[in-house]
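In my numbering, the protein residues as written are 544 to 1215.
Positions of the beta carbon are idealized from the N, C-alpha and C atoms, including for glycine.
Since the structure is predicted, the reported quantities are computational estimates derived from the model, not experimental observations.
One structure is given below, encoded as structure tokens.
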């Protein structure tokens, strides 16, 4: 390889910066304490413990009032500007771990790595990453290459190419505002964003496994619930509220032993401050802090050994391993992955394993659509789990609000109302309830009506907080019940629907509930509600967790099922996805047969009927009545016509004659 000309590249670029009168800082110089600390704490380009040093760095202010960190990395070889995969900066390997070779060897990859350090450990959400390299031709002339990428919360820290540049003059004061406008106009298509989400989701999975393994192997005395509560407490404490509650930093934990100054005391106080600013009801705050306090104030976790508490060590691991994912703004996909993994930490007896299976996010979204959720819906879930179904419903409601409300002021009011008044969930298990609270807080705080109750015995249909004297006006119900409950969980459906006046409901449940396990419950349900559809789901949707056959039953609430009502029976066994249970697989869910189209058509079939049949065959879609006095005929399939046709007869004769001829040719037929 030719000799590196990195010193020449650095000299040329830094002279540009100087000519623009920019206050740039070199490798060993300080930019500001927040950025310097972030670079020092983030994993280095080689994967070691911190010590990241961009070749040059700046902090520029635009006319929008925001400051933008600029991080620059130089290289000195041809073709060392950027390493891409599928047109994206390749800083992650197939196994979803950091690709340190690329980060170290390519200019843009290194700069994007630095930008993620800022995104992870500071309050800055928009960063410019610049890579520059070059080479000398046979005449000794220098040729340069420049890559400029925007790394932000909006693009999930992956980075988007801004444009083509031949120098750094876009950073000059007279050009910077136009440059920032160009940056702000960068958009990701829905397809691109989904790909980025999927990549980040796989990275979360890997990070959570690493975190869980580290705590299990290195931190004794922490049970499954303790780990869940520590993750919840650490994330809440580090979220912060701009201008009001600063995020808790690792150095804020002093590992001291006096009452009120222990690490647990500091962590709990920051959580209380955060929840107070979120205006949560006092009894809700008390319940959350009391649950978390049992772990974070315990004596062993606050004991100082070799100058450090166990709490500080675990807190630091959580921040380092997970911080980037909630700093960039978690979505349903991210949160679902987070809580799926955290569920695996919780200790449940074997007979409870199917009761704590989380609904995959794409199934949760399907159920919200089947329940016809919109911006004006009031949605509840009687076995909330981590609130994944409610988050899916909330996303559908917010999406509808954005599409139909044109006034920013009115939209903001509606979004707040959706999160605070139009969602209600009930979860009995305290450890799982804590996950639901954290989930909703991360999604923008719809947590005020997540209740820690028994929905069958302790819930009276009223708001749990705020409007405690008012009935929750539910008109949409979604549920994945504990299958060990009466009628495989249909008892929850009966209770919820009996408290609703109108609307729609969808429940994913073990399909034996519709073929004999819940006869009396089903008959009572049909006295006041109509079964619209019965959907046979793929048997492996809960792969790695459960392998029971499930159906989704869709109901119209408040209208007695007429014996002449045609029910839509849909075989959705082929939903277009291929699933694997391989632990080392980079992606266990792949769209191999138009999954997106199949899910869209399913929703239309349930709502509008056979006229929307396109992808599905008539063998997969069947309409028939049910016997309202049976309660065990909810899983019908299209009848198979066993009467042979003339073509069948001709084929059979043809097959026989072909066999006869082949035997004659072989001399193998007796008597010939």
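**Asked** Looking only at C-alpha atoms, which of 1158, 849, 867 sits nearest to residue 662?
**Response** Taking the first residue of the chain shown as position 1, residue 662 is located at position 119. It is 867.
**Request:** Just list the alpha helix (DSSP H) runs in the segment 1121 to 1166, keeping only unbroken ones of 4 residues or longer that don't cross its boundaries, in chain order.
**Result:** Fully enclosed alpha helix (DSSP H) runs of 4 or longer: 1138 to 1151.
**Item:** With 16 other Cβ atoms within 10 Å as the buried cut-off, status of residue 1046
**Value:** The residue given as residue 1046 occupies position 503 in the chain shown. Buried is the call here.
**Request:** Can you tell me which of 957, 1189, 855, 1209 puts its alpha carbon nearest to the alpha carbon of residue 919?
**Result:** Position 376 of the chain shown, counting from 1, holds the residue named residue 919. Taking only the C-alpha atoms, the option nearest residue 919 is 957.
**Item:** Whole runs of the alpha helix (DSSP H) within the segment 730 to 812, excluding any shorter than 4 residues
**Value:** For the segment 730 to 812, whole alpha helix (DSSP H) runs of length 4 or above, ordered along the chain, are 733 to 761, 767 to 782.
**Item:** Per-residue DSSP class, three states only, for residue 687
**Value:** For this step, residue 687 is matched to residue 144 along the chain shown. The answer is strand: DSSP assigns residue 687 an E or B state.
**Asked** Per DSSP, residue 851 is paired with what?
**Response** Position 308 of the chain shown holds residue 851. Answer is 848.
**Message:** If I follow the unbroken beta strand (DSSP E) through residue 1053, where does it start and stop?
**Reply:** As a first step, residue 1053 must be located in the chain shown, where it is residue number 510. First-last of the beta strand (DSSP E) with residue 1053: 1046 to 1053.
**Request:** Go ahead and label residue 677 buried or exposed: buried means 16 or more other beta carbons lie within 10 angstroms of its beta carbon, across all protein chains shown.
**Result:** By one-based count along the chain shown, residue 677 stands at place 134. The residue in question, residue 677, is buried, as its Cβ has 16 or more Cβ neighbours within 10 Å.
**Message:** Let's see if you can read the secondary structure: which residues bound the alpha helix (DSSP H) around residue 700?
**Reply:** Along the chain shown, one-based indexing puts residue 700 at 157. That residue, residue 700, is in no alpha helix (DSSP H); it is neither H nor E in DSSP.
**Request:** Report yes if the C-beta distance between residue 1074 and residue 1177 is below 8 Å; otherwise report no.
**Result:** Indexing the chain shown from 1 puts residue 1074 at position 531. Indexing the chain shown from 1 puts residue 1177 at position 634. Yes, the Cβ-Cβ distance between residue 1074 and residue 1177 is below 8 Å.
**Cross-strand partners of residue 1110 (DSSP beta bridge)** = One-based indexing of the chain shown puts residue 1110 at position 567. In the DSSP output, where bridge partners are listed per residue, residue 1110 has 1167.
**Separation of residue 1163 from residue 658, as counted between CA atoms** = As a position in the chain shown, residue 658 is number 115, starting the count at 1. As a position in the chain shown, residue 1163 is number 620, starting the count at 1. If I take the Cα positions, the gap works out to 50 Å.
**Request:** Using alpha carbons as the reference points, say which of 1030, 937, 999, 1028 lies closest to residue 1019.
**Result:** Working through the chain shown from its first residue, we reach residue 1019 at position 476. The residue with the shortest Cα to Cα distance from residue 1019 is 937.
**Prompt:** With distances taken from CA atoms, which of 828, 715, 611, 1208 is nearest residue 981?
**Reply:** Locating residue 981 in the chain shown gives position 438, where the first residue counts as 1. The residue with the shortest Cα to Cα distance from residue 981 is 828.
**Item:** For residue 557 and residue 711, the rounded distance between their alpha carbons
**Value:** Walking along the chain shown from the start, residue 711 turns up at place 168. Walking along the chain shown from the start, residue 557 turns up at place 14. Rounded to the nearest whole angstrom, the CA to CA distance from residue 711 to residue 557 is 9 Å.
**Asked** What did DSSP end up calling residue 667 once you bin it into helix, strand or coil?
**Response** One-based indexing of the chain shown puts residue 667 at position 124. Three-state result, residue 667: coil.
**Anticipated Cβ contact below 8 Å, residue 581 with residue 719, distance rounded** = Position 38 of the chain shown holds residue 581. Position 176 of the chain shown holds residue 719. 22 Å between Cβ atoms; not a contact.
**Asked** Can you tell me the Cα-Cα spacing of residue 910 and residue 1142, whole angstroms?
**Response** Indexing the chain shown from 1 puts residue 910 at position 367. Indexing the chain shown from 1 puts residue 1142 at position 599. So the two alpha carbons sit approximately 11 Å from each other.
**Request:** In the DSSP assignment, find the unbroken beta strand (DSSP E) run with residue 560 in it and report its ends.
**Result:** The residue you call residue 560 lines up with position 17 of the chain shown. Per DSSP, residue 560 belongs to no beta strand (DSSP E); it is in the alpha helix (DSSP H), 549 to 562.
**Cβ contact check for the segment 625 to 642 and the segment 830 to 849: 3 or more pairs under 8 Å** = Using a Cβ-Cβ distance cut-off of 8 Å, the segment 625 to 642 and the segment 830 to 849 are not in contact, since fewer than three pairs of beta carbons, one from each stretch, lie closer than that value.
**Request:** From the DSSP output, read off the bridge partner residues of residue 922.
**Result:** Counted from its first residue, the chain shown places residue 922 at position 379. Partner(s): 966, 1019.
**Message:** Among 589, 584, 596, 587, whose alpha-carbon lies nearest the alpha-carbon of residue 571?
**Reply:** The residue labelled residue 571 in the question sits at position 28 within the chain shown. A check of alpha carbon separations from residue 571 across 589, 584, 596, 587 identifies 596 as the nearest.
**Request:** Could you check what DSSP says for residue 856 in three-state terms: helix, strand or coil?
**Result:** Counted from its first residue, the chain shown places residue 856 at position 313. Correct three-state label for residue 856: helix.
**Bounding residues of the beta strand (DSSP E) (the contiguous stretch that carries residue 1079)** = Translated into positions along the chain shown, residue 1079 becomes position 536. Where residue 1079 is concerned, the enclosing beta strand (DSSP E) starts and stops at 1073 to 1079.
**Asked** How is the beta strand (DSSP E) around residue 973 delimited, first residue to last?
**Response** Counting from 1 along the chain shown, the entry for residue 973 is found at position 430. Annotation for residue 973: no beta strand (DSSP E) segment contains it, though the alpha helix (DSSP H) segment containing it runs 973 to 985.
**Prompt:** Are the beta-carbon atoms belonging to residue 944 and residue 961 less than 8 Å from one another?
**Reply:** Taking the chain shown and counting its residues from 1, the one referred to as residue 944 is at position 401. Taking the chain shown and counting its residues from 1, the one referred to as residue 961 is at position 418. Taking 8 Å as the Cβ cut-off, residue 944 and residue 961 qualify as a contacting pair.
**Item:** Check whether residue 649 and residue 608 have beta carbons under 8 Å apart
**Value:** Mapped onto the chain shown, residue 649 falls at position 106. Mapped onto the chain shown, residue 608 falls at position 65. No; because the gap between Cβ atoms is not below 8 Å, this pair is not in contact.
**Request:** Please name the residue or residues paired with residue 631 in a DSSP beta bridge.
**Result:** Your numbering for residue 631 matches position 88 in the chain shown. Note: residue 631 sits in a beta bridge opposite 628.
**Nearest residue (CA-CA) to residue 641, options 747, 709, 666, 695** = The sequence position of residue 641 within the chain shown is 98, counting from 1. The residue with the shortest Cα to Cα distance from residue 641 is 747.
**Request:** Indicate whether residue 1094 and residue 1080 have their beta-carbon atoms separated by less than 8 Å.
**Result:** Within the chain shown, residue 1094 is the residue found at index 551, counting from 1. Within the chain shown, residue 1080 is the residue found at index 537, counting from 1. Cβ distance < 8 Å, so residue 1094 and residue 1080 count as in contact.
**Pick from 902, 835, 651 that is closest to residue 774, judged by C-alpha positions** = Position 231 of the chain shown, counted from the first residue, corresponds to residue 774. Checking every option, the nearest Cα to that of residue 774 belongs to 835.
**Request:** State the CB to CB distance for the pair residue 752 and residue 862, rounded to an integer number of angstroms; the pair is presumed to be in contact (CB under 8 Å).
**Result:** Here residue 752 corresponds to residue number 209 of the chain shown, with the count starting at 1. Here residue 862 corresponds to residue number 319 of the chain shown, with the count starting at 1. Not really, about 17 Å apart at Cβ, beyond 8 Å.
**Message:** For residue 1214, count the other beta carbons within 10 Å of its own beta carbon; 16 or more makes it buried, fewer makes it exposed. Which is it?
**Reply:** By 1-based counting over the chain shown, the position of residue 1214 is 671. Per-residue confidence for residue 1214 stands at a pLDDT of 43, beneath the threshold of 50, marking its modelled position as unreliable; the derived number appears in the next sentence. Exposed, since its Cβ has fewer than 16 Cβ neighbours within 10 Å.
**Prompt:** Between the segment 689 to 696 and the segment 733 to 741, do three or more beta carbon pairs fall short of 8 Å?
**Reply:** As far as the Cβ criterion goes, the segment 689 to 696 does not touch the segment 733 to 741, which means the pair count is below three.
**Request:** Leaving aside the five residues before and after residue 973 along the sequence, list all residues of the same chain whose C-beta is less than 7 Å from its C-beta, in chain order.
**Result:** Locating residue 973 in the chain shown gives position 430, counting from the first residue. If you ignore the 5 residues before and after residue 973, its C-beta comes within less than 7 Å of the C-beta of 834, 995, all in its own chain and listed in chain order.
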